[in-house]
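Asks:
Protein chains: 2
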Amino acid sequence: MGGVAVVCGGVGAARLLNGLVEVVAADELTAVVNVGDDMELHGLHISPDLDTVVYTVSGQVSRERGWGLEGETWQAMEMVGRYGGADWFSLGDRDLGTHLFRTDQLGLGRPLSEVTADIASAWGLDFTILPVTDDRLRTMVTVPDDGEISFQEYFVGRQHSVPVTSVRFDGAERTRPAPGVLDALNGADRIVVAPSNPAVSIDPVLAVPGVAEVLRRRREAVVAVSPIVGGKALKGPADRLLVELGRESSVVGVAGWYRDLVGTLVIDEVDRDLADEVAALGLEVVVTETIMAEPAITRRLAETAVDPASAR
Amino acid sequence: MGGVAVVCGGVGAARLLNGLVEVVAADELTAVVNVGDDMELHGLHISPDLDTVVYTVSGQVSRERGWGLEGETWQAMEMVGRYGGADWFSLGDRDLGTHLFRTDQLGLGRPLSEVTADIASAWGLDFTILPVTDDRLRTMVTVPDDGEISFQEYFVGRQHSVPVTSVRFDGAERTRPAPGVLDALNGADRIVVAPSNPAVSIDPVLAVPGVAEVLRRRREAVVAVSPIVGGKALKGPADRLLVELGRESSVVGVAGWYRDLVGTLVIDEVDRDLADEVAALGLEVVVTETIMAEPAITRRLAETAVDPASAR
């Protein structure tokens, strides 16, 4: 089979995929995407990470806002607001079309993986995008005052400003990998773990029975790109979550998190002085530019992730 | 209690209500609205007749199109179309906001009547708008080639261009009138049956146990405005449906349909020569202008419906 399989969360993964589609043939590239952030809202099935990947790699993301769709409008949510309804999770009108289609098709009994393929194809994407599972998986976090809440209530509702004491993947033990997921991971020459949040974006993918086992067994083929640069997450609460969950917010913390499953960690130039500490945990280390500020850097980072030897 | 209760379908009823709100105090006016056209689409609960009443009487209906909301956009449906999804029932972005709110609130376990009150209130409407029932009621029609299909598949999907051999109100026998419906009908000085389609807009309201019984018992207080003028329906397939279901397409056909429940029928000037035939069926007849082409006519028609003696 060969090729590259990418374990993906949302934004960081989508950006790396922008580079990977440049350096890996479409029929050799498979994205295995987190669905722990999925939710039902207003009766609609929303898959934030799948949509972020599709919208980003197809070039539809608003350049101005950096999220959501180009040319988006907000008429539906204005109406929801008029009625005093739940408008904490803002859905654009164009984005709503995706959720309407997905919900409709799921209601007809089609699996999420098939519906995702239709959506990706409609945007002209020709590599494979798979939800890690077609079954229900929900990332839940425990916060001090409210107990256990859904990921989106934490991330969007509370703007990830409260400390998290634990993370749980509800339903994970009953999920099965979506068709093609284990084949892609088993058959790939290279498994890339995208620079997504380890605790709430990558771990739910690994919680699907069988997925972590492949990475553990194929550890030498697994390359992770650190989502922590200079001790900070580029976006989102990965840095705080690492600390709240008992690690340090650094590439060393990331290495400790992934050490059983990942053979090589790609870290940023600014973290070069931590390379020995990472190596001491038993990981190969590659130091390079990892902040994907422009296409040339993104492409080089993708090349490094696929062939870390080339960068050493 | 006193006041006026109006048995309503969609467009024709909404127009008459535009006049009724001018001549009846808000706290004395109750609209009891058909929900047989309701449907679930893309996971959303859609109540076309309730929305038509709210949007029309609050002055939000697009003047240019005559249906849907002023300032409407169609971004979500364009996306559904891109995906090859079900776009036969076009939902505007603003309109979607109403469906999102309704679906969300119903999902929280609130009854449709409460949610409808919230929506009406958000548009500044101060008379009472009640769905005839909070329970599930679905108008089904039988057509030659496809057997039994939902009302919306017939009305929108096939643009009501196929003959109907029968109409059934699925679930009607298990519904209960929404809170306030029987009180409004029992307590009103006048019950008005709006100029809506008798077979598929008014009959589903009457199919809710208890409703037809009140009209039958209070027949002398019930005034219907004929939806057929000069043998034709002003809008929709009421004329063809009357014929397909064994009546004639005329005010006489309407009188025959309603004769057990309605004491007085308001017919248009153009049908004056049929007044005796209507009277022969045992109904009082009032002849007046019924085509609501301008506000003054609408208001006079509303006055006539509330007090038919004034027009005789």
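As given, the protein sequences belong to chains Y and F, one line each in that order.
Going by the working numbering, the first residue of the first sequence is number 1, and it counts up by one from there.
Going by the working numbering, the first residue of the second sequence is number 1001, and it counts up by one from there.
The beta carbon of each residue, even a glycine, is placed where N, CA and C say it ideally should be.
Take Y/VAL214 and list the residues in its own chain whose beta-carbon comes closer than 7 angstroms to its own, dropping the five residues that flank it on each side.
Replies: These residues qualify, in order along the chain: LEU182, LEU185 and ASN186.
Asks: Alpha carbon to alpha carbon, how far is F/SER1090 from Y/SER58? Give it in angstroms, no decimals.
Replies: Distance between the alpha carbons of Y/SER58 and F/SER1090: 26 angstroms.
Asks: Whose C-beta lies closer than 8 angstroms to the C-beta of Y/GLY171 among residues of the same chain, with five residues either side of it excluded?
Replies: Counting only Cβ-Cβ distances below 8 angstroms, and skipping sequence neighbours, we find ASP135, ARG136, LEU137 and ARG138.
Asks: Cβ of F/LEU1130 within 9 angstroms of Cβ of F/GLY1180?
Replies: Yes. Within cutoff.
Asks: Hey, is the region 266-273 of chain Y in contact with the region 287-294 of chain Y, meaning 3+ C-beta pairs nearer than 8 angstroms?
Replies: Judged by Cβ distances under 8 angstroms, the region 266-273 of chain Y makes contact with the region 287-294 of chain Y, as three or more pairs qualify.
Asks: Any Cβ of chain F within less than 9 angstroms of the Cβ of Y/ALA117?
Replies: It does not; no Cβ of chain F falls within 9 angstroms.
Asks: With contact counted as at least three CB pairs below 8 angstroms, one residue from each stretch, are the region 1003-1022 of chain F and the region 1097-1107 of chain F in contact?
Replies: Flag = no, the region 1003-1022 of chain F and the region 1097-1107 of chain F do not touch.
Asks: Taking DSSP's pairing of strands, which residues face Y/VAL61 in a bridge?
Replies: For Y/VAL61, which the question treats as bridged, DSSP gives the partners Y/LEU69.
Asks: Put Y/VAL262 into one of helix, strand or coil per three-state DSSP.
Replies: Coil, per DSSP.
Asks: Check the Cβ of F/VAL1080 against every Cβ in chain Y and list those closer than 7 angstroms, keeping chain order.
Replies: Within chain Y, the residues near F/VAL1080 are GLY97, LEU100 and PHE101.
Asks: Check Y/HIS160 in the structure and name its three-state DSSP category.
Replies: In the structure shown, Y/HIS160 sits in coil (DSSP, three-state: anything other than H, G, I, E or B).
Asks: Any beta-carbon of chain Y closer than 9 angstroms to the one on F/GLN1075?
Replies: At least one chain Y Cβ lies under 9 angstroms of F/GLN1075.
Asks: Can a CB atom of chain F be found closer than 9 angstroms to the CB of Y/GLU72?
Replies: So yes, Y/GLU72 belongs to the interface.
Asks: Grouping DSSP H, G and I as helix and E and B as strand, with all else coil, what is F/PRO1131?
Replies: Strand at F/PRO1131.
Asks: Can you grab the Cα-Cα spacing for the pair Y/MET1 / Y/ALA31, in whole Å?
Replies: Low confidence applies here, because Y/MET1 scores a pLDDT of 49, under 50, leaving its location unreliable and the question unanswered by this model.
Asks: Exposed or buried, which one is F/GLY1236 when buried takes at least 16 other CB atoms within 10 Å?
Replies: Answer is buried; the Cβ neighbour count reaches 16.
Asks: Tell me whether the beta-carbon of Y/PRO195 lies closer than 9 angstroms to the beta-carbon of Y/VAL225.
Replies: Going by C-beta atoms, Y/PRO195 is nearer than 9 angstroms to Y/VAL225.
Asks: Do the region 1115-1129 of chain F and the region 69-83 of chain Y meet, that is, are 3 or more Cβ pairs less than 8 angstroms apart?
Replies: Because the criterion of three Cβ pairs below 8 angstroms is met, the region 1115-1129 of chain F and the region 69-83 of chain Y touch.
Asks: Would you mind reading off the limits of the beta strand (DSSP E) that contains Y/THR30?
Replies: 29-33 is the extent of the beta strand (DSSP E) around Y/THR30.
Asks: According to the neighbour-count rule (16 or more other Cβ atoms, all chains shown, within 10 Å of its Cβ), is Y/PRO198 buried or exposed?
Replies: Result: buried.
Asks: Tell me whether the beta-carbon of Y/VAL167 lies closer than 9 angstroms to the beta-carbon of Y/MET140.
Replies: In this structure, Y/MET140 lies closer than 9 angstroms to Y/VAL167 by Cβ.
Asks: Since I believe F/ARG1190 is in contact with F/VAL1223 (beta carbons under 8 angstroms), could you give me their beta-carbon distance rounded to a whole number of angstroms?
Replies: Right, the Cβ-Cβ distance comes to about 7 angstroms (below 8 angstroms), so this counts as a contact.
Asks: Any residues in the region 32-45 of chain Y with a beta carbon nearer than 9 angstroms to a beta carbon of chain F? Which ones, in chain order?
Replies: Going along the region 32-45 of chain Y in chain order, one finds GLU40, LEU41, HIS42, GLY43, LEU44 and HIS45 with a Cβ nearer than 9 angstroms to chain F.
Asks: Let me know if Y/VAL35 comes out buried or exposed under the rule of 16 or more other beta-carbons within 10 Å of its beta-carbon.
Replies: Its Cβ being crowded by 16 or more others within 10 Å, Y/VAL35 is buried.
Asks: Within 9 angstroms of any Cβ in chain Y, is that where the Cβ of F/TYR1083 sits?
Replies: Yes, contact with chain Y.
Asks: In angstroms with no decimal places, state the Cα-to-Cα distance between Y/VAL24 and F/ASP1093.
Replies: Rounded to whole angstroms, Y/VAL24 to F/ASP1093 spans 39 angstroms at the Cα level.
Asks: Following the continuous alpha helix (DSSP H) through Y/ARG299, name the residue where it begins and the one where it ends.
Replies: Start and end: 295-306.
Asks: How far does the alpha helix (DSSP H) with Y/LEU325 in it reach, from first residue to last?
Replies: No statement about residue 325 of chain Y is possible, as the shown extent of chain Y runs from 1 to 312 and does not include it.
Asks: So, is the C-beta of Y/ALA86 closer than 9 angstroms to a C-beta in chain F?
Replies: So, interface residue.
Asks: Counting only the same chain and skipping the five closest in sequence on each side, list residues whose C-beta sits under 8 angstroms from that of F/LEU1281.
Replies: Excluding residues within five positions, the ones whose Cβ falls inside 8 angstroms are VAL1252, ALA1255, GLY1256 and ARG1259.
Asks: Along the chain, which unbroken stretches of the alpha helix (DSSP H) at least 4 residues long are found entirely within the region 1088-1147 of chain F?
Replies: Counting only runs of 4 or more, we get 1093-1107 and 1112-1122.
Asks: Exposed or buried, Y/LEU265, counting other C-beta atoms within 10 Å across all chains shown (16 or more means buried)?
Replies: Buried is the call here.
Asks: Report the CB separation of Y/GLU28 from Y/VAL4 in whole angstroms; it is logged as a contact under 8 angstroms.
Replies: Sure, about 6 angstroms apart at Cβ, within 8 angstroms.
Asks: Looking only at C-alpha atoms, which of Y/LEU69, Y/ASP239 and Y/GLN152 sits nearest to Y/TRP88?
Replies: When each option's Cα is compared against that of Y/TRP88, the closest is Y/GLN152.
Asks: Can you grab the Cα-Cα spacing for the pair F/ALA1026 / Y/ALA14, in whole Å?
Replies: The alpha-carbon atoms of F/ALA1026 and Y/ALA14 are separated by roughly 55 angstroms.
Asks: Among Y/GLY107, Y/ARG158 and Y/LEU283, whose alpha-carbon lies nearest the alpha-carbon of Y/LEU44?
Replies: Of the candidates Y/GLY107, Y/ARG158 and Y/LEU283, the one whose C-alpha sits nearest the C-alpha of Y/LEU44 is Y/GLY107.
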